[in-house]
Each structure stands twice: as structure tokens, then as C-alpha cells.
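Student:
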Amino acid sequence: MNKKGKETPSEFIFQKKNYTIMFIGLVCIALGFVLMSGGGSDDPNTFNPEIFSFRRIRLAPTLVIIGFALEVYAILASPKKKENKGK
Numbered sequence: 054m055n056k057k058g059k060e061t062p063s064e065f066i067f068q069k070k071n072y073t074i075m076f077i078g079l080v081c082i083a084l085g086f087v088l089m090s091g092g093g094s095d096d097p098n099t100f101n102p103e104i105f106s107f108r109r110i111r112l113a114p115t116l117v118i119i120g121f122a123l124e125v126y127a128i129l130a131s132p133k134k135k136e137n138k139g140k
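My numbering puts the first residue of the sequence shown at 54, with every later residue one more than the last.
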């Protein structure tokens, strides 16, 4: 409500497109962290070379960076303004 007692229509800050891009970014980030996990060894005296695999060194961090870039794009993407045709 504004000062004169009239209801003001509440609008979302982002549109459906922005939320979709945000969701895709979150999925990319989560997938990157899942791919990055693991590769350790139960015995601290043994070395597991799997920790330096392509998946953990290149693919997973790239997915995380792409996910964060999508998040920034989704926030900065300006929504299309609807024109009032009746006025």
C-alpha cells in the first residue's frame, strides 16, 4: 500500500527467463562440485593419481566458472519492458 491507501501491484524483480538461467547456473555449479569431489585415498600413506584426472582438474572447475557466469548474466540481463497499449 502506498501513502494514499491504494494497492500497488507487486512485481517480481526478475522474469521467468532470468529465473530459468539462474536455475541452469546453479545446476552447473552443483554438477561441477560433484565432479570435483572424491579421488582421495582411505590410507594416507598411499597416493591415488586419480586426483589429477581431467575430470577434476579441467572439467569440474570449468563447469563451476560457467555456472557463476550464468548467474551473473541472469542477474544483469534486463527484462523486456511491457508497453502499455491502453495509454
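We put the CB at the ideal spot given by N, CA and C, even for glycine.
Quick one: what does DSSP say PHE121 is sitting in, helix, strand or coil?
Tutor: Correct three-state label for PHE121: helix.
Student: Taking C-alpha atoms, which residue in MET89, ILE82, PHE67, CYS81 lies nearest to ILE128?
Tutor: If we check each option's Cα against that of ILE128, PHE67 comes out closest.
Student: What's the call for ALA83, buried or exposed, on a 16-neighbour Cβ count within 10 Å?
Tutor: It is exposed - the Cβ of ALA83 has fewer than 16 other Cβ atoms within 10 Å.
Student: Tell me which same chain residues have a C-beta within less than 8 Å of the C-beta of PHE121, skipping the five on either side of it?
Tutor: Answer for PHE121: GLY78, ILE82, listed in chain order.
Student: Report the CB separation of GLY85 from VAL117 in whole angstroms; it is logged as a contact under 8 Å.
Tutor: Right, their Cβ atoms sit about 4 Å apart.
Student: Once DSSP output is grouped into helix, strand and coil, what is the label at PHE67?
Tutor: Coil, per DSSP.
Student: For the putative contact between ASN101 and SER90, defined by C-beta atoms under 8 Å, what is the C-beta separation to the nearest angstrom?
Tutor: The Cβ separation is near 13 Å, so there is no contact.
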